[in-house]
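Novice:
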């Protein structure tokens, strides 16, 4: 039995949002996927991880979005 995720991922910027969210608060997209893997949480956008992930805003992001 598959478990339902508490997040869905934006296909544009990979931000993780609640299933009820209709528009991504990071990029404004309305295209989401329930099929994603891994999580990174960005607190400091000057960090090496944020630079590698090409993230501009502190948030939680999926690593892979299918």
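Residue numbers (the working numbering): 398 to 463.
From the three backbone atoms N, C-alpha and C, an ideal C-beta is built for every residue, glycine too.
This structure is a prediction, so every number in the text was calculated from the model and none was measured.
Count Cβ pairs between the segment 439 to 448 and the segment 412 to 423 that sit closer than 8 Å; are there 3 or more?
Specialist: No: the two stretches stay apart, fewer than three of their Cβ pairs being nearer than 8 Å.
Novice: Express the C-alpha separation of residue 436 and residue 408 in angstroms, rounding to a whole number.
Specialist: Answer to the nearest angstrom: the Cα atoms are 14 Å apart.
Novice: Taking just the CA atoms, how far does residue 454 sit from residue 416?
Specialist: Residue 416 and residue 454: Cα-Cα distance of roughly 20 Å.
Novice: Starting from residue 434, follow the beta strand (DSSP E) in both directions and report where the run begins and ends.
Specialist: Per DSSP, residue 434 belongs to the beta strand (DSSP E) from 433 to 439.
Novice: In the DSSP assignment, find the unbroken alpha helix (DSSP H) run with residue 447 in it and report its ends.
Specialist: Here the alpha helix (DSSP H) through residue 447 covers 445 to 450.
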